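2 protein chains.
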Amino acid sequence: MSGLRRLRIVGTGLIGTSLGLALRGSDVDVSLADPSPTACTLARDLGAGRLAEQVEPDVDLVLVACPPDVVAQVVAAELTAHPNAVVSDVASVKSAILKELRASGADLSRYIGSHPMAGRERSGAVAGRADLFSGRPWVLVPHESTSARARELVTELVRAVGAVAATMPAREHDAAVAAVSHVPQVAASLVASQLRDLPTEAIGLSGQGVRDVTRIAASDPTLWTQILVGNAAAVAQILRHLREDLDTVLEALSALGEDPDSDAPGARSVLARLIAEGNAGQARIPGKHGAPPTTYATVTVLVPDEPGQLGRLFTDMGQEGINLEDLHIDHAMGRLMGVVELLVRPADADPLRAGLSARGWTLSE
Amino acid sequence: MSGLRRLRIVGTGLIGTSLGLALRGSDVDVSLADPSPTACTLARDLGAGRLAEQVEPDVDLVLVACPPDVVAQVVAAELTAHPNAVVSDVASVKSAILKELRASGADLSRYIGSHPMAGRERSGAVAGRADLFSGRPWVLVPHESTSARARELVTELVRAVGAVAATMPAREHDAAVAAVSHVPQVAASLVASQLRDLPTEAIGLSGQGVRDVTRIAASDPTLWTQILVGNAAAVAQILRHLREDLDTVLEALSALGEDPDSDAPGARSVLARLIAEGNAGQARIPGKHGAPPTTYATVTVLVPDEPGQLGRLFTDMGQEGINLEDLHIDHAMGRLMGVVELLVRPADADPLRAGLSARGWTLSE
Numbered sequence: 000m001s002g003l004r005r006l007r008i009v010g011t012g013l014i015g016t017s018l019g020l021a022l023r024g025s026d027v028d029v030s031l032a033d034p035s036p037t038a039c040t041l042a043r044d045l046g047a048g049r050l051a052e053q054v055e056p057d058v059d060l061v062l063v064a065c066p067p068d069v070v071a072q073v074v075a076a077e078l079t080a081h082p083n084a085v086v087s088d089v090a091s092v093k094s095a096i097l098k099e100l101r102a103s104g105a106d107l108s109r110y111i112g113s114h115p116m117a118g119r120e121r122s123g124a125v126a127g128r129a130d131l132f133s134g135r136p137w138v139l140v141p142h143e144s145t146s147a148r149a150r151e152l153v154t155e156l157v158r159a160v161g162a163v164a165a166t167m168p169a170r171e172h173d174a175a176v177a178a179v180s181h182v183p184q185v186a187a188s189l190v191a192s193q194l195r196d197l198p199t200e201a202i203g204l205s206g207q208g209v210r211d212v213t214r215i216a217a218s219d220p221t222l223w224t225q226i227l228v229g230n231a232a233a234v235a236q237i238l239r240h241l242r243e244d245l246d247t248v249l250e251a252l253s254a255l256g257e258d259p260d261s262d263a264p265g266a267r268s269v270l271a272r273l274i275a276e277g278n279a280g281q282a283r284i285p286g287k288h289g290a291p292p293t294t295y296a297t298v299t300v301l302v303p304d305e306p307g308q309l310g311r312l313f314t315d316m317g318q319e320g321i322n323l324e325d326l327h328i329d330h331a332m333g334r335l336m337g338v339v340e341l342l343v344r345p346a347d348a349d350p351l352r353a354g355l356s357a358r359g360w361t362l363s364e
Numbered sequence: 000m001s002g003l004r005r006l007r008i009v010g011t012g013l014i015g016t017s018l019g020l021a022l023r024g025s026d027v028d029v030s031l032a033d034p035s036p037t038a039c040t041l042a043r044d045l046g047a048g049r050l051a052e053q054v055e056p057d058v059d060l061v062l063v064a065c066p067p068d069v070v071a072q073v074v075a076a077e078l079t080a081h082p083n084a085v086v087s088d089v090a091s092v093k094s095a096i097l098k099e100l101r102a103s104g105a106d107l108s109r110y111i112g113s114h115p116m117a118g119r120e121r122s123g124a125v126a127g128r129a130d131l132f133s134g135r136p137w138v139l140v141p142h143e144s145t146s147a148r149a150r151e152l153v154t155e156l157v158r159a160v161g162a163v164a165a166t167m168p169a170r171e172h173d174a175a176v177a178a179v180s181h182v183p184q185v186a187a188s189l190v191a192s193q194l195r196d197l198p199t200e201a202i203g204l205s206g207q208g209v210r211d212v213t214r215i216a217a218s219d220p221t222l223w224t225q226i227l228v229g230n231a232a233a234v235a236q237i238l239r240h241l242r243e244d245l246d247t248v249l250e251a252l253s254a255l256g257e258d259p260d261s262d263a264p265g266a267r268s269v270l271a272r273l274i275a276e277g278n279a280g281q282a283r284i285p286g287k288h289g290a291p292p293t294t295y296a297t298v299t300v301l302v303p304d305e306p307g308q309l310g311r312l313f314t315d316m317g318q319e320g321i322n323l324e325d326l327h328i329d330h331a332m333g334r335l336m337g338v339v340e341l342l343v344r345p346a347d348a349d350p351l352r353a354g355l356s357a358r359g360w361t362l363s364e
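Here the protein sequences come in this chain order: V and Y.
If you read the first sequence in numbering that gives the first Met the number 0, its first letter stands for residue 0, the second for the next number, and so on.
If you read the second sequence in numbering that gives the first Met the number 0, its first letter stands for residue 0, the second for the next number, and so on.
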């Protein structure tokens, strides 16, 4: 397969930048465009591709990675500007975009929707990473007049970045992401919202459970308003079921709250069923996809909690000629030492330990 | 302090076993009791303590770590069996137990409730670990006739296992755990429950978000039914607020689902407010190990991916006299630059940006 030679990425946020990074070293020529020249230059500097020329006549595929509310309009513009190119987008809701595109009168045989199931809590080019799509599903969402060439080019792209292609009609795709992404987002936000007025001592009792349930409640309001607006009907349908279940649970809890020994019809069994059905649903979720195994070795160093000490540590590492792959600092309050975990290639671990010890550092374990 | 010499643990599941393990090597004599001889022997074999004798006359403190629905009755029995000992329990709901104990007519001056904010998804003695309580809050829940000695002995235990003692009345404790533990559990179960009948291709689109939101939906139905029954009124109160918020969101989504261009009063702003209020609640949750929520400023620097560059960066920081509070390196494969986020005190951020720019570093944003 060599249909994909020139890729134009419109929108150099997290997804667009990661896409360019994932294609570094491949034969694909990647050009970058973004309404913000700063964002575009940053993505270029990170290595995601070259800046697009004013005119790019030979583009094979345009990938639109813009905020959801402007996707349809950008796709239509790109279809016009590149009359021989296939155009796809990466928005997380598909039916509304397709509807808007149909209304635009554009030639949709060259359009195919798509949705890489990849993301991070963080956004923007600097959050981009070459392995973002690795092993993750990437859903192709063709419509009835999508050409074979459009399918082929996007499939080729999906494979080139290490993702796993799946195909779904727009309606089924949107129902799926409503259940596995949008409803969890709403629930996380609703739970987190109840914490706003909690006394400080109460919030201090938070453990890993509430942290996990509410992690995605930190998401961006503008982006998520657009996503929820775009998939409102499908999200509402599932939330209505959820509310019915919640009402049943609330009725049981209210009866038990008034009288803990209440034999209100099956109050206890309602609660047991809630948890058991949650067990059943949770068990269906597949495990992490394509998380590369941690192959780095860890060297743990105790570092005095003073300015300049980390600088001295990294200077010493550099003088040993060893590159850091990743690092964690555990810098607990009230402790005299920070604990720094240096992650390095396994072959570098022993030389690093020896070198740092010789330079007077205290290693742990 | 040396008031705590003999500790009796009743119930050798996750908490009881971890408690014994945490006291290994201390001066405290730990004896273990459990209705199941097998469970008790297992905890002994793991190193949690010795098996209790039929009669143990000199126990200072009894810690009841049984399933919630039998705690009150076991506490009352232990108060009778050990007329000189202080008795505490570790159940996650306190008011209902206190009420039941008051009805029992037991001498409650020797009783103090408690609740270690520690747990794992796994249960039983084999899941026990010596560091389970390390750095975690452990709430003492005295009532009006709790003796000073009871407070002292449990405080001594809490310190001995490395936990951080906090004190709250039963009612406030129960309201707090309803918000930070029980409501998140109900929400996670409700979301997971909606996944039961999803087509296989749809569930295959699951990502880290839904995995996090539903992780605790894997919890044990029997244990959680008991917890929810025990705290029904407090949980119901928060869930009623959550349902009101959900109804508002549903109304907005229903209007937008029928007509995406709907100007139904503030439909979009309802959704934006949902996410923004979730942001606000989530931001209040303290970090791991009771660290205060991150109030640091972030300075993002692009660092060439070569040995010694990080050393140069930290040396430069040290020369600016600025101490690093925390740091993240995003050192993704295939990128020309590492992205380093420096977290510093807010007042240090602007001087650091100026200093690093002057020294030739590329900052982002």
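Cβ coordinates follow ideal geometry from the N, Cα and C atoms, glycine included.
Only a predicted model underlies this, so the values are computations on that prediction, with no experimental measurement involved.
Query, Result
"Nearest neighbour of V:P303, chosen from V:A346, V:T361, V:E257, V:A64 [CA to CA]", "V:T361"
"Where Y:D347 meets chain V, residues with beta-carbon distance less than 9 Å", "Result: empty, since nearest Cβ-Cβ is about 10 Å, beyond 9 Å."
"Which listed residue (V:A233, V:R158, V:L45) has its alpha carbon closest to that of V:A126", "V:L45"
"Run of the alpha helix (DSSP H) containing Y:H114, from where it starts to where it stops", "Unbroken run through Y:H114 is the beta strand (DSSP E), 110-115; no alpha helix (DSSP H)."
"Residues of its chain near V:C65, where Cβ-Cβ distance is below 7 Å and the 5 sequence neighbours each way are ignored", "V9, G10, V73"
"Runs of alpha helix (DSSP H) wholly within the stretch 219-246 of chain Y (minimum 4 residues, chain order)", "220-229"
"Chain V within 8 Å of Y:V89, Cβ atoms only", "no"
"heavy atom of the ligand SAH below 7 Å from V:R7 C-beta", "Although the ligand SAH was asked about, the structure shown includes no ligands whatsoever."
"Local conformation of V:R267 per DSSP, three classes", "helix"
"Partners in chain V for Y:V140, counting only beta-carbon separations shorter than 7 Å", "Near Y:V140 there are no residues of chain V at all, since even the closest Cβ is about 12 Å away, more than 7 Å."
"V:D260 versus V:A296: straight-line alpha-carbon distance, rounded", "56 Å"
"Pairwise C-alpha distance: V:P198 and V:V190", "16 Å"
"Contact list for V:D68 against chain Y, beta-carbon separation under 9 Å", "None at all; the shortest Cβ gap to chain Y is about 10 Å."
"Nearest-angstrom Cα separation, counted from V:A231 out to Y:I202", "19 Å"
"Any C-beta of chain Y under 8 Å from that of V:G310", "yes"
"One or two residues paired with Y:E340 in a DSSP bridge", "Y:T299, Y:H327"
"Reduced DSSP secondary structure (H/G/I, E/B, other) of Y:R352", "helix"
"Spatial distance of V:V85 from Y:Q281 (CA atoms)", "41 Å"
"Cβ-based neighbour list, Y:E324, same chain, cut-off 7 Å, excluding 5 preceding and 5 following", "Y295, L342, V343, R344"
"8 Å CB neighbourhood of V:F313 in its chain, flanking five on each side removed", "L323"
"Option nearest Y:V176 by Cα separation, candidates V:A147, V:G206, V:D173", "V:G206"
"Extent of the continuous alpha helix (DSSP H) to which V:D28 belongs", "Run containing V:D28: none in the alpha helix (DSSP H); it sits in the beta strand (DSSP E), 28-32."
"When V:M167, V:Q184, V:G307, V:S268 are compared against V:I112, the one with the closest alpha-carbon", "First, the residue type needs correcting, since residue 112 of chain V is Gly and not Ile in the sequence shown. Comparing Cα-Cα distances from V:G112 to each of V:M167, V:Q184, V:G307, V:S268, the minimum goes to V:M167."
"Where V:T145 sits in the DSSP three-state scheme", "coil"
"Which residues DSSP lists as bridging V:V182, in chain order", "DSSP lists no partner for V:V182."
"Contact between the stretch 127-141 of chain Y and the stretch 152-163 of chain Y (3+ Cβ pairs under 8 Å)", "yes"
"Three-state secondary structure assigned by DSSP to V:A164", "strand"
"Residues that Y:S363 bridges to, as DSSP identifies them", "Y:T299"
"Buried versus exposed, by CB contacts within 10 Å (16 or more), Y:Y79", "Per the sequence shown, residue 79 of chain Y should be read as Thr rather than Tyr. So Y:T79 ends up on the exposed side."
"Buried versus exposed call for Y:N278 [16 or more other C-beta atoms within 10 Å across all chains shown]", "buried"
"Exposure of V:Q308, with buried meaning 16 or more beta-carbon neighbours within 10 Å", "buried"
"Proximity of Y:S87 and Y:L60 at Cβ, strictly below 8 Å", "yes"
"Length of the line joining the Cα atoms of Y:A47 and Y:R4", "15 Å"
"Distance CB(V:A186)-CB(Y:V212) smaller than 8 Å", "yes"
"Chain V contact residues for Y:T299, given Cβ-Cβ distances below 8 Å", "V125"
"Element boundaries [beta strand (DSSP E), containing Y:V86]", "85-88"
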